[in-house]
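Under the numbering used here, think of the first position of the sequence shown as 3, with each following residue one higher. Here a beta-carbon is modelled for each residue, glycine too, at the ideal position from N, C-alpha and C. Note that this is a predicted model, so its numbers are computed, not measured. Notes for the one structure printed next.
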Amino acid sequence: MSERIRVLVVDDSALMRKLIPAILARDSSIEVVGTAMDGAFALKKIQELQPDVVTLDLEMPRMDGMEMLRLIMRSAPLPIILFSTHSKEGGYATMKALALGAVDFLAKPKDAAAGHLEDIADQLIAKIKLAKRAAQRKLPPVTVPEELPGVKKPARPALAPRRVIAVGISTGGPNALQFMLSQIPSDFLSTILVVQHMPEGFTEMFAKRLDECCPLEVHEARSGDLLLAGRVLICPGNRHMMVRRMPRGDMVVLSDGPPVNGHRPSADVLFHSAAQEFSLMSVGVVMTGMGEDGAEGLGAIKAAGGMTIAQSEESCVVSGMPRAAILKGYANKVIPLEGLGSFLANNYGAEKNLADKDLGEKVEKDEKPEKTEKHDKPERTPVPSHRS
3 MSERIRVLVV
13 DDSALMRKLI
23 PAILARDSSI
33 EVVGTAMDGA
43 FALKKIQELQ
53 PDVVTLDLEM
63 PRMDGMEMLR
73 LIMRSAPLPI
83 ILFSTHSKEG
93 GYATMKALAL
103 GAVDFLAKPK
113 DAAAGHLEDI
123 ADQLIAKIKL
133 AKRAAQRKLP
143 PVTVPEELPG
153 VKKPARPALA
163 PRRVIAVGIS
173 TGGPNALQFM
183 LSQIPSDFLS
193 TILVVQHMPE
203 GFTEMFAKRL
213 DECCPLEVHE
223 ARSGDLLLAG
233 RVLICPGNRH
243 MMVRRMPRGD
253 MVVLSDGPPV
263 NGHRPSADVL
273 FHSAAQEFSL
283 MSVGVVMTGM
293 GEDGAEGLGA
303 IKAAGGMTIA
313 QSEESCVVSG
323 MPRAAILKGY
333 ANKVIPLEGL
343 GSFLANNYGA
353 EKNLADKDLG
363 EKVEKDEKPE
373 KTEKHDKPER
383 TPVPSHRS
């Protein structure tokens, strides 16, 4: 039997310090080794107890979760799962904490009574197990800034996009997406649509943070938003996002349809609509995340003649989503996180590149029959070294 996952629970609420361990005790693979009521006490407990994973409330007296997180990541990094409040301030603080190195987060129930905490019990247990696994992976060093100076965005005409790039992403997504988008210049000629598995109320702050640090314009999507070159639209939490070609312009349509693959938003919903509406003009990208959301939708884009890309497993915090697409034979290319942004910029960002690409993709599709057997290996794109 493998060793149990040692968890330290840090929260200023006595009720939460009682309820969280009670929930985790149901899983025999998890052991709560201690609790702490603030960051200062938690730092001592970490040295004493050597936990594998820490659950951390961001809002605490004396030393809050943010300051504690900074100190941990500077000295002895640990996988940390955040508890955040449903508010704009809480959402923005969560995005900053993820930039500091926290693995994932959960939205704290507005009423922390036992019955309400039950709603997120399964998620909490799953995220702790994933955090432990993520800590064991040898990931390339990819850092994003906590404080953002802001990026000045030059005015540009409203142009229809040359490509519609649909991205599906989950655990580990905020940092990975920020890193990828920061590599794409403001004169990019395509539009990017993102489904990030994130609770309602947090995607607005996520989009705002990305807009502050990336050359492209980033917004939380609304029904009727036009697809424009150089624009990134983030699907709101608890909604599905689709695309439609309309006489007045190609646009986003949001839906309250049932969850797909257990998710709303679902990458599969976005990918299927992109394949149906844009076929050859669609590009699907599956990035870090747990589960298989996006795999079948990526297959639909490939079948429609679009380009399909999976983030390399070794560069993911959690590789479930891209692995599923790769094993099903749906990924034309497998690219490490370090190279995703530059690949998109080089292939779908300049007029001359797009003209060449239109011809090249048609020839490739005509000459190469589709194969989806598990043993088919997608092309792996190497990443040029950025180190001097």
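- Here G351 has F190, L191 as same chain residues with Cβ atoms under 6 Å from its own Cβ, once five neighbours each way along the sequence are excluded.
- The beta carbon of S257 sits closer than 6 Å to those of H242, all from its chain and outside the five residues before and after it, given in chain order.
- With contacts defined as CB atoms closer than 8 Å, T290 and T205 fail to qualify as a contacting pair.
- When DSSP reads this structure, F85 sits in a beta bridge with D59, L108.
- A straight line joining the alpha-carbon of D66 with that of K304 spans about 47 Å.
- S257 sits in a strand when the DSSP states are folded into three classes.
- Looking at the DSSP output, M309 sits in a beta bridge with V285.
- In this chain, H274 is not harboured by any beta strand (DSSP E); it is covered by the alpha helix (DSSP H) spanning 269-280.
- For the pair G296 and L339, the Cα-to-Cα distance works out to about 17 Å.
- Counting only runs of at least 3 residues, the segment 150-201 fully encloses the following beta strand (DSSP E) elements, listed from N- to C-terminal order: 166-171, 193-198.
- The beta carbons of I311 and G293 sit about 18 Å from each other, so the pair does not count as a contact at 8 Å.
- Partner residues in the beta bridge of M243, as assigned by DSSP, are L256.
- In the structure shown, the three-state DSSP call for A326 is helix.
- In the three-state scheme derived from DSSP, where H, G and I count as helix and E and B as strand, A16 is classed as helix.
- Counting only the Cα atoms, V197 lies some 7 Å from S268.
- Here A42 is not near L10, since their CB atoms are 8 Å or more apart.
- Comparing alpha carbon positions, the residue from A78, A302, A38, I82 closest to M62 is A38.
- In the three-state reduction of the DSSP assignment, A223 falls in the coil class.
- A residue is called buried once 16 or more other Cβ atoms fall within 10 Å of its Cβ, and L17, having fewer, is exposed.
- Nearest Cα to M323 within the set K47, H265, R224: H265.
- Collapsing the DSSP output to three states places R233 in a strand.
- Proximity to A162 across M283, G308, I25 peaks at M283, based on C-alpha coordinates.
- Bounds of the beta strand (DSSP E) holding E33 are 32-38.
- A distance of 8 Å or more separates the beta carbons of P111 and D124.
- Within 10 angstroms of the beta-carbon of E222 lie 16 or more other beta-carbons, which makes it buried.
- Counting C-beta atoms within 10 angstroms of its own C-beta, K134 has 16 or more neighbours from the protein chains shown and is therefore classed as buried.
- In the three-state reduction of the DSSP assignment, L10 falls in the strand class, which pools E and B.
- Annotation for A347: Q185, I186, P187, F190 place their beta carbon closer than 8 Å to its own, counting only its chain and skipping 5 residues before and after.
- Counting only the Cα atoms, E5 lies some 42 Å from E214.
- Under the DSSP assignment, I337 falls in the beta strand (DSSP E) whose first and last residues are 335-337.
- Per DSSP, reduced to three states, the secondary structure at L132 is helical.
- Excluding residues up to 5 positions away in sequence, I171, S172, T173, G175, H265, P267, G291, D295 lie with their Cβ nearer than 8 Å to the Cβ of H199 in the same chain.
- A direct Cα-Cα distance of roughly 15 Å separates S321 from L179.
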